[in-house]
Amino acid sequence: MEPQKRIRIGDLLVQHRIITHEQLMTALAEQKKTGRKLGRTLIDLNYINETDLLNFLSRQLQIPFLDIAQYKRKPEICRELPENLARRFRVMLLESSDNDVLLAMADPTDLMSLDEISRALKKRIRQAVVREADLLNAIDQAYRRTEEISNLADQLSDELSEHNFDFTSLLASSEVNDAPVVKLLQSIFEDAVQANASDIHIEPDEKVLRIRLRVDGVLNEQVLDNINIAPALVVRLKLMSGLNISEKRLPQDGRFSIRVKNKALDIRLSTLPIKNGESLVMRLLDQSQGLMDLNHLGMPAELLQHFKTHILNPHGLILVTGPTGSGKTTTLYAALSAVNEPHTKIITAEDPVEYTLPRVNQVQVNEKVGLTFAGVLRSALRQDPDVILVGEIRDRETADIAVRAAITGHLVFSTLHTNGSVETATRLLDMGIEGYILASALKVIIAQRLVRKICDRCTDTTQLDEGQLIWLEKTFNLKAASLAFKQGMGCQYCNHTGYKGRIGVYELLEMRHETLDALRRSDTAVFTAAAYATPGFKSFAEQALALVKQGVTTLDELIRISGA
53 MEPQKRIRIG DLLVQHRIIT HEQLMTALAE QKKTGRKLGR TLIDLNYINE
103 TDLLNFLSRQ LQIPFLDIAQ YKRKPEICRE LPENLARRFR VMLLESSDND
153 VLLAMADPTD LMSLDEISRA LKKRIRQAVV READLLNAID QAYRRTEEIS
203 NLADQLSDEL SEHNFDFTSL LASSEVNDAP VVKLLQSIFE DAVQANASDI
253 HIEPDEKVLR IRLRVDGVLN EQVLDNINIA PALVVRLKLM SGLNISEKRL
303 PQDGRFSIRV KNKALDIRLS TLPIKNGESL VMRLLDQSQG LMDLNHLGMP
353 AELLQHFKTH ILNPHGLILV TGPTGSGKTT TLYAALSAVN EPHTKIITAE
403 DPVEYTLPRV NQVQVNEKVG LTFAGVLRSA LRQDPDVILV GEIRDRETAD
453 IAVRAAITGH LVFSTLHTNG SVETATRLLD MGIEGYILAS ALKVIIAQRL
503 VRKICDRCTD TTQLDEGQLI WLEKTFNLKA ASLAFKQGMG CQYCNHTGYK
553 GRIGVYELLE MRHETLDALR RSDTAVFTAA AYATPGFKSF AEQALALVKQ
603 GVTTLDELIR ISGA
């Protein structure tokens with residue numbers, strides 16, 4: 053279909069009585085102020101919704117209205133149109149033949165864009181109209197940096213083979229911005245931000261270099277044949293983190309800050325000597341997002357209310373537990389923010405300090421110089437604090453000081469790596485903490501996991517197989533045959549995984565008479581039985597099952613966190 057003649061959207065909408073003349077005048081006045089397109093202005097003013105507008109344009113211009121999120125695209129075809137043109141004009145190439153192309157547009161009446169793209173491609177253009185937000189997301193997906201990373205790795209590999217230069221001197225030189233290694237790292241970080249990754253893993257294998265991004269808790273891998281570039285990446289990242297570049301035999305930890313795609317990222321770097329070199333893992337912390345509020349963590353309302361009650365107590369020990377990457381730090385910072393008042397003195401001992409909190413005295417643990425968790429705690433108690441946060445209880449000495457601080461008028465927050473809330477108290481007993489002291493200090497334990505959420509763009513009902521039905525019946529005594537279960541079918545938003553984002557699943561164990569009595573006697577068997585019988589206590593599996601019934605997550609995720 054040939055590009056259409058220019059049409060006046062506003063006049064047509066008035067003519068078809070979709071908007072009034074007064075609404076058009078208001079929108080035109082607003083458009084002059086903002087400079088945005090009229091269609092977007094009408095949508096922002098709630099005079100018309102986007103789907104109705106696009107359906108109207110589709111009928112008037114006789115072009116198809118496509119759901120680009122479900123459209124099966126080929127990345128190589130999309131990239132025939134340069135990225136700068138796609139982003140500038142908000143368009144995407146969907147199909148291409150010798151004679152013509154199919155172009156997805158958020159504004160099919162934009163004749164200037166059509167002229168520019170026609171000149172660039174030198175082909176006849178067929179148009180399709182799509183939702184703007186879907187289009188922008190599709191552009192981000194299509195122009196991922198994976199191909200650029202591979203090309204830059206090839207360039208760096210070629211340069212390394214031609215010149216036997218000293219990595220250290222090159223990478224620390226004033227011309228570092230032109231070095232291929234820096235361009236490669238920039239592309240890796242941009243790709244990670246675009247994919248919304250939480251971690252970047254750089255792992256040298258015997259013959260290949262693996263770059264893996266953790267997205268929603270799952271690793272996605274890109275394999276590079278250029279194994280010889282690994283030392284250059286390691287040296288450059290160590291320099292950025294202020295680490296010893298000559299030390300390759302011992303693990304090191306560092307951090308640095310960068311800005312990528314208008315996001316301020318704090319990067320925590322960890323190195324580990326392995327057989328084929330050094331493995332690097334970088335945790336990406338988006339400082340521009342700020343701290344999460346307790347009300348937005350996703351805790352069930354009743355559980356959240358109980359947790360809030362305990363964090364407002366003047367003293368006692370509150371423990372947040374779970375495996376690495378389960379969101380413990382996010383919960384702790386949210387709790388600290390809730391009690392952070394001008395009349396409250398808060399001191400933290402952290403390794404590392406992840407987010408900066410106003411009015412909070414945050415101490416970075418440094419075991420190399422003897423500044424341990426226990427050492428910080430001893431000094432903190434002499435600073436007259438009301439609230440103390442211990443980043444992690446790793447040993448008996450730290451546990452002992454934290455417990456004693458909690459029974460001497462301080463509110464103490466801390467974390468432990470345990471499988472669940474019930475196991476946490478018995479873990480402290482195993483560390484050697486006296487039961488009667490622990491019973492005097494411990495108020496509440498909250499354990500958490502993260503489960504992947506079903507992508508809300510491609511969710512659909514599904515039938516469970518016989519094995520899943522049997523598992524549900526045996527585990528929960530639940531006849532599931534009559535229930536409707538959801539799953540994601542896969543689309544561009546979720547990278548065809550069926551999942552997008554994660555949500556917390558929580559166990560809250562409040563100390564009651566029966567559990568405290570068992571703790572005083574250090575009777576772990578009685579404590580475990582009493583804990584599971586605590587009124588209102590719900591296990592991970594029960595909490596996750598509620599999310600499955602609501603269509604938030606899948607049965608597969610429930611089975612995963614249940615360890616079944």
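For our numbering, add 52 to where a residue sits in the sequence shown, where the first one is 1.
Think of the CB as a built atom: it goes at the ideal place given N, C-alpha and C, for glycine as much as any other residue.
Predicted, not measured: the structure shown is a model, and the values here were computed from it.
### Query
Apart from the five residues on each side of it in sequence, which residues of its chain come closer than 6 Å, Cβ to Cβ, to residue 384?
For the purposes of this step, residue 384 is identified with residue 332 of the sequence shown, where counting begins at 1. Here the set comprises 372, 465.
### Query
Sorted by chain position, which residues of the same chain lie with C-beta nearer than 7 Å to residue 227's C-beta, five sequence neighbours on each side aside?
Position 175 of the sequence shown, counting from 1, holds the residue named residue 227. Summary for residue 227: the model assigns pLDDT 47, below 50, so the residue's position carries little reliability; its value from the coordinates is reported in the next sentence. Excluding residues within five positions, none has a Cβ falling inside 7 Å.
### Message
Quick check on this structure: which residue in 376, 608, 451, 496 has the alpha carbon closest to the alpha carbon of residue 482?
### Response
For the purposes of this step, residue 482 is identified with residue 430 of the sequence shown, where counting begins at 1. Taking only the C-alpha atoms, the option nearest residue 482 is 451.
### Query
Can we say the stretch 484-495 touches the stretch 587-605, given the rule of at least three CB pairs closer than 8 Å?
no
### Message
Would you call the stretch 238-252 in contact with the stretch 260-275, where contact means no fewer than 3 C-beta pairs closer than 8 Å?
### Response
yes
### Message
Less than 7 Å between the beta carbons of residue 521 and residue 532, yes or no?
### Response
Start at 1 with the first residue of the sequence shown, and residue 521 comes out as number 469. Start at 1 with the first residue of the sequence shown, and residue 532 comes out as number 480. Taking 7 Å as the Cβ cut-off, residue 521 and residue 532 qualify as a contacting pair.
### Message
Quick check on the DSSP output: the alpha helix (DSSP H) that includes residue 165 runs from which residue to which?
### Response
By one-based count along the sequence shown, residue 165 stands at place 113. Looking at the DSSP string, the run of the alpha helix (DSSP H) that includes residue 165 is 163-173.
### Task
Buried or exposed for residue 610, please, with buried defined as at least 16 other CB atoms from any protein chain shown within 10 angstroms of its CB.
For the purposes of this step, residue 610 is taken as residue 558 along the sequence shown, with counting starting at 1. Its Cβ being crowded by 16 or more others within 10 Å, residue 610 is buried.
### Query
Between the beta-carbon of residue 194 and the beta-carbon of residue 134, is there less than 7 Å?
Taking the first residue of the sequence shown as 1, we reach residue 194 at position 142. Taking the first residue of the sequence shown as 1, we reach residue 134 at position 82. No, these two residues do not count as a Cβ contact at 7 Å.
### Query
Quick check: the stretch 435-446 against the stretch 388-406, are there 3 or more CB pairs under 8 Å?
yes
#### Entry: Complete alpha helix (DSSP H) runs within the stretch 379-421 (minimum length 4 residues, chain order)
380-391
### Query
What are the residues that DSSP puts in a beta bridge with residue 368?
Counting from 1 along the sequence shown, the entry for residue 368 is found at position 316. Bridge partners of residue 368: 463.
### Query
On the premise that residue 463 lies in contact with residue 367, defined as a C-beta separation below 8 Å, what is that separation, rounded to the nearest angstrom?
For the purposes of this step, residue 367 is identified with residue 315 of the sequence shown, where counting begins at 1. For the purposes of this step, residue 463 is identified with residue 411 of the sequence shown, where counting begins at 1. Residue 367 to residue 463, Cβ: 6 Å. Contact.
### Message
The alpha helix (DSSP H) that contains residue 519, what's its start and end?
### Response
In the sequence shown, counting from the first residue as 1, residue 519 sits at position 467. Its alpha helix (DSSP H) spans residues 518-528.
### Message
Just to confirm, is the Cβ distance from residue 343 to residue 389 under 7 Å?
### Response
The residue you call residue 343 lines up with position 291 of the sequence shown. The residue you call residue 389 lines up with position 337 of the sequence shown. Yes, the pair counts as a contact, with Cβ atoms nearer than the cut-off.
#### Entry: Validate contact between the stretch 105-114 and the stretch 139-148 using beta carbons, cut 8 Å, 3 pairs
no
#### Entry: Contact belief for residue 503 with residue 561 at Cβ below 8 Å, rounded distance in angstroms
What you label residue 503 is simply residue 451 of the sequence shown in a count that begins at 1. What you label residue 561 is simply residue 509 of the sequence shown in a count that begins at 1. The Cβ separation is near 20 Å, so there is no contact.
### Message
Here's the rule: buried if 16 or more other CB atoms are within 10 angstroms of the residue's CB, otherwise exposed. What is residue 524?
### Response
To locate residue 524, count along the sequence shown from 1; it is residue 472. Label assigned to residue 524: buried.
### Query
Is the distance from the Cβ of residue 453 to the Cβ of residue 480 below 7 Å?
In the sequence shown, residue 453 corresponds to position 401, counting from 1. In the sequence shown, residue 480 corresponds to position 428, counting from 1. Not closer than 7 Å, so no.
### Query
In this structure, does DSSP put residue 587 in helix, strand or coil?
As a first step, residue 587 must be located in the sequence shown, where it is residue number 535. Three-state DSSP puts residue 587 in coil, outside helix and strand.
### Task
Thinking residue 467 and residue 444 are a contact (beta carbons under 8 Å), I'd like their distance in whole angstroms, please.
Within the sequence shown, residue 467 is the residue found at index 415, counting from 1. Within the sequence shown, residue 444 is the residue found at index 392, counting from 1. Residue 467 to residue 444, Cβ: 5 Å. Contact.
### Task
Please confirm whether residue 284 and residue 234 have their CB atoms less than 7 Å apart.
What you label residue 284 is simply residue 232 of the sequence shown in a count that begins at 1. What you label residue 234 is simply residue 182 of the sequence shown in a count that begins at 1. Not closer than 7 Å, so no.
### Buried versus exposed call for residue 311 [16 or more other C-beta atoms within 10 Å across all chains shown]
Indexing the sequence shown from 1 puts residue 311 at position 259. With fewer than 16 Cβ atoms within 10 Å of its Cβ, residue 311 is classed as exposed.
### Query
Could you give the C-beta distance for residue 270 and residue 332, rounded to a whole number, given that I count them as a contact under 8 Å?
Indexing the sequence shown from 1 puts residue 270 at position 218. Indexing the sequence shown from 1 puts residue 332 at position 280. Residue 270 to residue 332, Cβ: 19 Å. No contact.
### Task
Measure the beta-carbon distance from residue 567 to residue 549 and round it to whole angstroms, keeping in mind my assumption that it falls under 8 Å.
Taking the first residue of the sequence shown as position 1, residue 567 is located at position 515. Taking the first residue of the sequence shown as position 1, residue 549 is located at position 497. Incorrect: roughly 40 Å between the Cβ atoms, too far for contact.
### Query
When DSSP labels each residue in this structure, what does residue 149 get in the three-state scheme?
Taking the first residue of the sequence shown as position 1, residue 149 is located at position 97. Note: residue 149 maps to coil in three-state DSSP.
### Query
If we ignore side chains and look at the alpha-carbon of each, how far apart do residue 77 and residue 348 end up?
Residue numbering aside, residue 77 sits at position 25 when the sequence shown is read from its first letter. Residue numbering aside, residue 348 sits at position 296 when the sequence shown is read from its first letter. Each residue's Cα considered, the two are about 40 Å apart.
### Query
Going by alpha carbons, who is nearest to residue 518 out of 607, 182, 299?
Working through the sequence shown from its first residue, we reach residue 518 at position 466. Closest option to residue 518, Cα to Cα, is 607.
### Query
Taking the alpha carbon of residue 256 as the point to measure from, which residue in 175, 288, 328 has its own alpha carbon closest?
Residue 256 sits at position 204 when you count from the first residue of the sequence shown. Residue 328 is the option with its Cα nearest to residue 256.
### Message
Less than 7 Å between C-beta atoms, sequence neighbours within five positions excluded: which residues of the same chain meet that for residue 545?
### Response
Counted from its first residue, the sequence shown places residue 545 at position 493. Answer for residue 545: 121, 189, 507, 509, 552, listed in chain order.
### Message
Run through the DSSP bridge pairs and tell me what residue 540 is partnered with.
### Response
Within the sequence shown, residue 540 is the residue found at index 488, counting from 1. The partner list for residue 540 (beta bridge, DSSP) reads 511.
### Query
How should residue 160 be labelled, buried or exposed, when 16 other C-beta atoms within 10 angstroms of its C-beta is the threshold for buried?
In the sequence shown, counting from the first residue as 1, residue 160 sits at position 108. Answer is buried; the Cβ neighbour count reaches 16.
### Task
Using alpha carbons as the reference points, say which of 62, 242, 563, 381 lies closest to residue 89.
Walking along the sequence shown from the start, residue 89 turns up at place 37. Closest by alpha carbon: 62.
### Message
Per DSSP, what are the beta-bridge partners of residue 556 in this structure?
### Response
Mapped onto the sequence shown, residue 556 falls at position 504. BP columns for residue 556 point to 502.
### Query
Any idea what DSSP makes of residue 144, helix, strand or coil?
Taking the first residue of the sequence shown as position 1, residue 144 is located at position 92. Residue state, collapsed to three classes: strand.
#### Entry: Residues near residue 338 by beta carbon distance below 7 Å, same chain, minus five either side
In the sequence shown, counting from the first residue as 1, residue 338 sits at position 286. Closer than 7 Å at the Cβ level, and outside the excluded window around residue 338, lie 315, 317.
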